[in-house]
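Structure record follows, encoded as structure tokens.
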Amino acid sequence: MSPSGSEPESLAEGTLISHLLELRTRLLHTAIAVAIAFVPLALMSNRLFTLIAQPLIDKLPEGTSIIATSVVAPFMTPLKLSLIAAIFVAMPYILYQAWAFVAPGVYRHEQRFGLPLFFSSVLLFYVGVAFAYFVVFPLMFSFLTATAPTGVRMMTDMANYLDFTLLLFFAFGIAFEMPVATVLLVATGLVQ
């Protein structure tokens, strides 16, 4: 029986080939969206890296800087950041494509529940990343640059810095997903 009590609800069915073709189409749309976001970000990749590095640059002691320990790092690191930023910018569309692929196999009452969950999870992830950048980074870099032992000059490698900040962005984005995870756990009946 459906939740409204009338007739049983049926799910959309298809052949394996039709599902694979739709999956291919969704993945292609996702790749195109990332490519469209990547092109302008790649053109300003150095400025984008400077923006991400600014919290550390502001806290570095006088006479020190971020360095590159690899010949290709000054080119590849900002480009890598541009690709990850393109995925980050296109994430709502990527998640929409994922939802559009699985939605035909989900009951109507679950779809109504899924849409607000989708929007809130995307918003909370972005809020977590912003919290890391604007609140955590300045405090953390102030502490870390002040704790360097005497005789040690802090000169951070740009590739290591990018990996570290991306890890923190991801960690805080996921941490801010806790309300969504809690709602899902309650909805599935695993917790009260």
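Residues in the sequence shown are numbered consecutively from 16, following the working numbering. Ideal Cβ positions, reconstructed from N, Cα and C, are used throughout, including at glycine.
A residue is called buried when at least 16 other Cβ atoms come within 10 angstroms of its Cβ; Leu-43 does not meet this threshold and is exposed.
Straight through space, the alpha carbons of Thr-162 and Ala-46 are spaced by roughly 43 Å. The Cβ neighbour count for Pro-131, taken over all protein chains shown within 10 Å, is under 16; the residue is labelled exposed.
Fully contained in the stretch 60-123 are the following alpha helix (DSSP H) runs of length 4 or more, in chain order: 60-74, 88-117. Within the same chain, Cβ atoms closer than 7 Å to the Cβ of Val-49 are found at Ala-101, Ile-102, Ala-105, the five residues on either side in sequence being excluded. Excluding sequence positions up to five before and after Val-142, its CB lies within less than 6 Å of the CB of Phe-191, all in the same chain and listed in chain order. Sequence-distant Cβ neighbours of Arg-168 in its own chain, meaning closer than 7 Å and more than five residues away, are Thr-79. Counting C-beta pairs with one atom in each stretch, the stretch 85-92 and the stretch 174-184 have three or more that are closer than 8 Å, which means they touch. Residue environment analysis places Pro-119 among the exposed positions, since fewer than 16 neighbouring C-beta atoms fall within 10 angstroms of its C-beta. Taking a cut-off of 8 Å for Cβ pairs, the stretch 107-117 and the stretch 125-139 touch, as three or more such pairs fall below it.
Shown here for Ile-99: same chain residues with a beta carbon closer than 8 Å to its own, the five before and five after excluded, namely Leu-181 in chain order. Pairwise C-beta distances place the stretch 50-59 out of contact with the stretch 139-157, as fewer than three of them are shorter than 8 Å. Around the beta carbon of Ser-157, fewer than 16 other beta carbons lie within 10 angstroms, which makes this residue exposed. When the five nearest sequence neighbours on each side are left out, the beta carbons in the same chain lying within less than 8 Å of the beta carbon of Phe-146 are those of Phe-187, Phe-191, in order along the chain. Ala-68 and Leu-183 have their C-alpha atoms some 13 Å from each other. When only Cα atoms are considered, Thr-160 and Ile-81 end up about 12 Å apart.
With fewer than 16 other beta carbons inside 10 angstroms of its own, Leu-38 counts as exposed.
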